[in-house]
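Numbering (the numbering used here), first residue to last: 49 to 611.
For each residue, glycine too, the CB sits at the ideal point set by N, CA and C.
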């Protein structure tokens, strides 16, 4: 039996501040080992957390209760007297310590909220801004959203007058909503107690993600991190896992600049023809990028802070591609998460159905374009020079890590049987696996290196499908790349001048989901990086889905849940 509290300590990296160029590699080699160290000793950590949290709560309530905000918060005294949920222990992280403007801050711990990163005036200013937005837009509800293991939004909507209280104490939700394992079997998930699975967890909002939703009437949303009721991070939370890996990357002296590129299909309302349900493309034109639906979707994404670089028609009628602008840190995964929900809601307004699955049963692609930069975000560490098709030694080591772990990566990035069809769609031979290909400016490769563009060299990880959880895609990519940087296998990358990679063994991508799950279970690096609790639970969930694949194969292709 694995104790979740111990794993939470093991999966938390210790902050060592900024790293100089000369010590970056030595710190990198210590990054994995530091995972096993507790972030704070239990006694000191609890006292600091309690003191900070108590002080924040007192100052926050005092500042926000001052007169002058009646415009946006009516019946203030009635609201303050209403406490429908029990108060969480003071050690629960406060949501008010998120970055104020969602900017990349290399000194902020992304795996937890830092109670000292905001002083009381800053906390008050952030809440004042949110209250002004709520009053300006006459908001009635705020949606507290968290990702489940599939990357789908699970949320609770709170009446606007109770928003301040829920920011302080969090919103409670059954844990099973996020982990989605119906009737878990003890022999499959024996690391999670049944009482634990059926218990509540707490959604704590990250206030920098507060946005008014243009596709929902008088409603805003805020993305949340998930904790147990005792204040410990939920170890199966994809967003927590992604933040943890970004922290590991920061400890090594780097930061991540990334963006997602998605394909999706737009269908009209299904029609029943000869007792068979058929969905037709919403548009039969390949040049359908000017339709009002796409314009409303892109404008709505801009309003929610997800900056779209371009959108276009794709290879078949009704299929579209959307590219986001690259951003530092967790923002790229937040943008992809926002798209998955916004796409459904805008499509519903047009009486369309949006799907991440093509009508032939294949999954659309989901690409993570990324590069690593110095910790200050000034220098692209992949870039050898403008217009030169060559990776730096750092870039080659990163690429070696992606190739080395491609089998396990594919399990997280193509997490269903239909997703894996695209790996062999051009092959007529019956194979158990296909080679992991890479190349420069070659869109047919699984790992495509692009050395052009204003942001310099980046690697497109094209192993993913659009149905994969974006937080897991980001986390697994960073974990594999980091292993390439610190591993002795990185010597296979050669020198800066060479364009070749010398791999000890050819990389293969398994075509069967069962083989991919086995590869993930056997990958000790990803198991340590993402957490054994998460790996065991993810594998158990996928095995459950495989057992029930026949009953789901026909009906779920266009269900909104599986867009």
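- prompt: Taking residue 362 as the reference, which of 305, 504, 309 and 418 has the closest Cα?
  reply: 309
message: Which same chain residues end up closer than 7 Å to residue 181 when comparing Cβ atoms and leaving out the 5 residues on each side of it in sequence?
response: 260
field: Three or more C-beta pairs below 8 Å linking the segment 436-448 and the segment 513-521
entry: no
query: Are the Cβ atoms of residue 557 and residue 568 separated by less than 9 Å?
result: no
message: For residue 213, report the span of its alpha helix (DSSP H) as first-last.
response: 211-217
message: I'd like to check one pair, residue 314 with residue 341: are the Cβ atoms closer than 9 Å?
response: yes
message: Which complete beta strand (DSSP E) runs does the segment 274-315 hold, if anything under 3 residues is left out?
response: 302-315
Local conformation of residue 509 per DSSP, three classes: strand
- request: Identify which residue in 585, 381 and 594 has its Cα closest to the Cα of residue 224.
  value: 585
- prompt: Using DSSP with H/G/I as helix, E/B as strand and the rest coil, what is residue 479?
  reply: coil
field: Entirely enclosed alpha helix (DSSP H) segments - the segment 170-227, minimum 4 residues
entry: 211-217 and 224-227
- prompt: Around the Cβ of residue 595, are there at least 16 other Cβ atoms within 10 angstroms (buried) or fewer (exposed)?
  reply: exposed
- request: Evaluate residue 468 with the Cβ neighbour count: other Cβ atoms within 10 Å of its Cβ, from every protein chain shown; 16 or more gives buried, anything less gives exposed.
  value: buried
- request: Quick one: residues in its chain with C-beta nearer than 7 Å to the C-beta of residue 456, no 5 flanking neighbours on either side, listed in chain order?
  value: 567, 568, 571 and 574
field: For residue 534, the nearest candidate out of 294, 265, 442 and 366 (CA to CA)
entry: 442
field: Between the CA atoms of residue 487 and residue 217 - distance to the nearest angstrom
entry: 50 Å
query: Would the beta-carbon of residue 295 fall within 9 Å of that of residue 271?
result: no
message: Applying the 10 Å Cβ sphere with the 16-neighbour rule, what's the burial state of residue 436?
response: exposed
message: Let me confirm a value: residue 299 is counted as buried when at least 16 other C-beta atoms fall within 10 Å, else exposed. Which label applies?
response: buried
Range of the contiguous beta strand (DSSP E) that encloses residue 356: 356-361
field: Assigned secondary structure, residue 378 (DSSP; H/G/I helix, E/B strand, else coil)
entry: coil
field: Helix, strand or coil at residue 446 [DSSP, three-state]
entry: helix
message: On the criterion of 16 or more Cβ atoms from any shown chain inside 10 Å, does residue 366 qualify as buried, or is it exposed?
response: buried
- request: Go ahead and label residue 382 buried or exposed: buried means 16 or more other beta carbons lie within 10 angstroms of its beta carbon, across all protein chains shown.
  value: buried
query: How should residue 433 be labelled, buried or exposed, when 16 other C-beta atoms within 10 angstroms of its C-beta is the threshold for buried?
result: exposed
field: residue 347 burial status per 10 Å Cβ neighbour count (16 or more: buried)
entry: exposed
- prompt: Between residue 269 and residue 257, is the Cβ-Cβ spacing less than 9 Å?
  reply: yes
Residues that residue 372 bridges to, as DSSP identifies them: 356
task: Check whether the Cβ of residue 283 lies closer than 8 Å to any heavy atom of the ligand FMN, and answer yes or no.
output: Ligands displayed in this structure: none; no statement on the ligand FMN is therefore possible.
task: Using only alpha-carbon positions, find the residue among 176, 493 and 350 that is nearest to residue 555.
output: 493
message: For residue 349, tell me which candidate among 178, 305, 247 and 394 has the shortest Cα-Cα distance.
response: 394
field: Counted within 10 angstroms of its Cβ, other Cβ atoms place residue 179 as buried (16 or more) or exposed
entry: buried
- prompt: With a Cβ-Cβ cutoff of 9 Å, do residue 459 and residue 591 count as a contact?
  reply: no
Contacting residues, own chain, Cβ-Cβ under 7 Å from residue 404 (five flanking each side not counted): 312, 411, 412, 514, 515 and 611
- prompt: In angstroms, rounded to a whole number, what distance separates the CA positions of residue 541 and residue 497?
  reply: Annotation note: pLDDT 49 at residue 541 (below 50); position unreliable, coordinate value reported separately. Using only the alpha carbons, I get a separation of about 15 Å.
task: Can you give me the start and stop residues for the beta strand (DSSP E) that residue 251 sits inside?
output: 248-253
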